[in-house]
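Quick note on numbering: UniProt numbering labels position 317 of the sequence shown as 317, and the sequence is numbered without any gaps.
Cβ coordinates follow ideal geometry from the N, Cα and C atoms, glycine included.
As the structure is a prediction and not an experimental result, all values here were calculated from the model.
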Amino acid sequence: MDKAKNKKKNLTPEGQFRLSLDNCSKTKDLSTAISLYESAISEPSIIRLSNNHFNSFLYICSNSFSDPSTKNDAIQFGFRVFEHMGSCNITPNEATVTAVARLAAATDDGDRAFELAKGVGNCGKLRTYGPALFCFCKMGEADKAYQVEEHMRSLGLQLEEAELAGLLKVSVEKEREEKVYQYLHKLRMSIRSVSDTTAEIIQSWFGGEMATKVGLSNWDMGQVKETILQNGGGWHGLGWLGKGKWLAQRSQIAPDGRCLTCGEQLVCVDIDRAETERFAESVASLAMEREVHSNFKEFQDWLEKHSDYDAVVDAANVGLFQQNFAEGGFSIAQLVAVVKELHSRSNKWPLVILHKKRVRTLLENAGYRELLEEWINEKILYGTPFGSNDDWYWLYAAVKRKCLLVTNDEMRDHIFELLGSSFFARWKERHQVKYTFVKGEIKLLMPPTYSVVIQESENESWHVPLAGEVVEESSRTWLCITRQASCESDNKQHASVVEASQVSELDQIAASCHSGSFTSQNGGSLNKCSGLAGKRKERSPSPTPSHSSLQS
């Protein structure tokens with residue numbers, strides 16, 4: 001304690017000033033900050049104000065105008081500091097501009113806030129433009145808010161829920177139905193679930209008079225279905241369909257993806273066809289750039305000639321699963337089990353990707369040779385070249401052929417980071433199949449039956465997931481939004497089915513797990529309800545797989 005006191009006593013005037021200013025920033029003490037500023041400008045020879053000092057004062061101001069008792073003082077003092085900064089020929093940085101833009105927005109001067117933000121050019125961040133955007137939204141100046149958004153996107157800035165919710169709110173208030181539709185889809189693309197505040201904005205639109213009037217009276221259902229398919233499922237983007245009152249209700253979704261209020265079947269949303277092609281090209285480009293010791297183009301050409309696959313298997317990941325024990329090694333028995341399980345589900349053999357070095361070693365074992373040779377001849381097994389990274393091969397094949405990908409690899413390595421986290425995460429959710437072995441039996445964990453994301457159906461309905469911690473997805477609250485007449489009809493039909501069957505909800509879910517199927521884009525049927533049953537505690541011996549076992 002004495003040392004700390006002595007150290008404080010030994011501080012220079014500038015050091016003492018910096019310490020006091022930092023304390024004001026921590027405690028948001030505006031009055032003390034103003035006193036410090038006054039003392040500094042009264043003794044310029046002792047305290048020389050720097051960019052960091054000015055930014056600290058501005059930071060304190062921008063955090064003080066939310067309090068009505070200090071708002072006016074904070075705004076006046078903030079602009080005074082900014083003008084002084086300019087007179088000292090100190091160039092403002094992004095942090096400076098953001099703080100002053102907040103001051104301008106606090107005076108409802110969105111135009112000044114926007115001009116300030118544009119002044120930093122490409123250095124602008126989401127927070128730099130937020131004050132202008134939120135100010136225009138609050139003031140009901142929708143067109144100006146749209147201009148800010150357009151400028152932000154031109155800089156490559158990705159809007160988050162708060163910004164999109166603000167734009168949605170002003171669009172609802174100004175009854176800009178086309179913009180409401182656009183921002184609902186921008187929310188769908190940007191976030192997985194919405195906050196209660198955003199949900200209230202959405203409900204206010206569907207509960208309003210304008211929402212009942214807009215929409216096509218007649219539309220081509222075939223076109224809608226085809227567009228949904230092209231988009232990867234879950235939305236069509238063709239505009240409002242139908243007319244009439246909407247009914248927005250809180251609901252939940254059964255494990256099989258069925259809405260428990262309206263009966264609509266939600267889907268597992270994929271990336272659209274155009275995105276898929278761009279994704280495949282991106283993977284191929286990166287692979288050819290980095291695979292200097294192999295000919296990736298040769299694999300691309302091979303895949304074009306052999307494309308009838310519903311699944312791709314990361315064989316190294318499967319064969320080495322839980323083999324980190326003394327006698328462990330590559331388990332071909334595990335690989336065979338996965339291959340046979342996939343074939344039993346779709347009646348198609350998967351594409352197995354394995355490094356040539358590993359293939360050569362396995363071929364030296366007489367017990368494996370006949371099986372592997374047949375896999376190679378039947379184009380089930382592809383050996384990646386020496387010196388290559390097989391990750392590129394199984395990833396490209398799964399993307400290009402729109403297949404399921406069987407691997408427990410979390411795909412967090414640097415090569416996957418190059419593909420973009422948000423986009424790649426969406427693809428993985430729809431295509432990755434994880435697995436485990438329970439007492440030697442293979443258990444596949446298929447992609448989820450539905451995506452937790454805003455969904456727009458061909459039947460006019462919308463389903464919006466609400467944010468919140470949930471133990472199981474089936475307990476998550478959703479907004480179920482349907483045309484009122486359609487909902488009443490669906491409810492009567494749903495009630496009659498339940499009354500006739502007298503089957504409990506639990507029994508229905510269990511039945512769907514046994515009989516349900518998941519159809520990939522290539523048409524193969526795969527079980528959608530297999531789950532992990534825990535880690536393997538018992539290891540069966542690794543039997544030598546035979547040629548006949550593959551055919552069984």
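Checklist line | Range covered by the beta strand (DSSP E) that runs through Ala248 | finding: 246-251
Item checked: Glu289 classed as buried or exposed, judged by whether at least 16 other C-beta atoms fall within 10 angstroms -> exposed
Notebook entry, point to check: Roughly how many angstroms separate the alpha carbons of Ala104 and Lys144, rounded to a whole number?
Noted result: 15 Å
Next item on the list: Can you say whether Met446 is buried or exposed, counting buried as having 16 or more other CB atoms within 10 angstroms of its CB?
Entry: buried
Margin query: Do Tyr129 and Met152 have their beta-carbon atoms positioned less than 8 Å apart in this structure?
Written below: yes
Next item on the list: Enumerate in chain order the residues of its own chain whose CB-to-CB distance from Lys356 is below 8 Å, with the five nearest sequence positions on each side excluded.
Entry: Gly383, Thr384, Pro385, Phe386
Notebook entry, point to check: What is the DSSP secondary structure of Pro131, reduced to helix, strand or coil?
Noted result: helix
Margin query: Which of the three DSSP states is assigned to Trp462 in this structure?
Written below: strand
Check: With distances taken between CB atoms, is the gap from Leu216 to Trp240 smaller than 8 Å?
Finding: yes
Notebook entry, point to check: From Leu372, Glu14, Gly233, Gly242, pick the residue whose C-alpha is nearest to that of Ile454; which is it?
Noted result: Gly233
Check: Do the region 87-103 and the region 60-67 make contact, defined as three or more Cβ pairs closer than 8 Å?
Finding: yes
Next item on the list: For Thr482, count neighbouring C-beta atoms within 10 Å of its own C-beta (all shown protein chains included) and say buried if the count is 16 or more, exposed if not.
Entry: buried
Next item on the list: Closer than 7 Å by C-beta to Asp409: which residues in its own chain qualify, once you throw out the five before and the five after it? Chain order, please.
Entry: Asp314, Asn317
Margin query: Quick check on the DSSP output: what are the complete beta strand (DSSP E) runs of length 3 or more inside the region 190-272, in order along the chain?
Written below: 246-251
Next item on the list: Give the range of the alpha helix (DSSP H) segment to which Gly86 is assigned.
Entry: 71-87
Next item on the list: Whole angstroms is fine: what's the gap from Ser307's alpha carbon to Glu473's?
Entry: 35 Å
Next item on the list: Go to Leu381, then tell me how far its beta strand (DSSP E) extends in each direction, as first and last residue.
Entry: 381-384
Note to self: By DSSP's criteria, His151 is part of a beta bridge. Which residues make up the other side?
What the structure shows: Bridge partners of His151: none, in fact.
Notebook entry, point to check: Okay, do the region 192-203 and the region 422-436 touch, 3+ Cβ pairs below 8 Å being the bar?
Noted result: no
Item checked: Same chain only: Cβ atoms within 6 Å of Glu160, ignoring 5 sequence neighbours per side -> none
Check: Does DSSP put Leu506 in a helix, in a strand, or in coil?
Finding: Residue confidence for Leu506 is low, a pLDDT of 33 falling below 50, so the modelled location carries little weight; the figure read from the coordinates is stated next. Of the three classes helix, strand and coil, the one that applies to Leu506 here is helix, per DSSP.
Notebook entry, point to check: Pick from Ser20, Ser461, Pro13, Thr198: whose alpha carbon is nearest that of Gly244?
Noted result: Ser461
Check: CB Val120 to CB Glu94, shorter than 8 Å?
Finding: yes
Notebook entry, point to check: So Leu266 and His463 are in contact, right, with Cβ under 8 Å, and what is the actual spacing, rounded?
Noted result: 6 Å
Margin query: Is it buried or exposed, Leu19, if we count other Cβ atoms within 10 angstroms and call 16 or more buried?
Written below: exposed
Notebook entry, point to check: Which ranges would you report for the beta strand (DSSP E) in the region 301-366 if only whole runs of at least 3 residues count?
Noted result: 311-314, 351-355
Checklist line | Contact set for Lys174: own chain, Cβ-Cβ below 7 Å, skip 5 residues either direction | finding: Gly140, Ala142
Note to self: By the three-class DSSP mapping on this structure, what secondary structure does Cys137 have?
What the structure shows: helix
Check: From Leu157 to Lys402, what distance separates their C-alpha atoms?
Finding: 30 Å
Notebook entry, point to check: When we look at the beta-carbon of Pro465 and count the other beta-carbons within 10 Å, is it buried (16 or more) or exposed?
Noted result: buried
Checklist line | Cutoff 7 Å; reference Leu363; Cβ partners in own chain excluding five residues on either side | finding: Arg369, Leu372
Checklist line | Rounded straight-line distance, which links the Cα of Phe279 to that of residue 561 | finding: Nothing about residue 561 can be read from this structure; the chain reaches only from 1 to 552.
Next item on the list: Kindly indicate the opening and closing residues of the beta strand (DSSP E) around Leu405.
Entry: 404-406
Checklist line | Exposure label - Ala274; buried when at least 16 CB within 10 Å | finding: exposed
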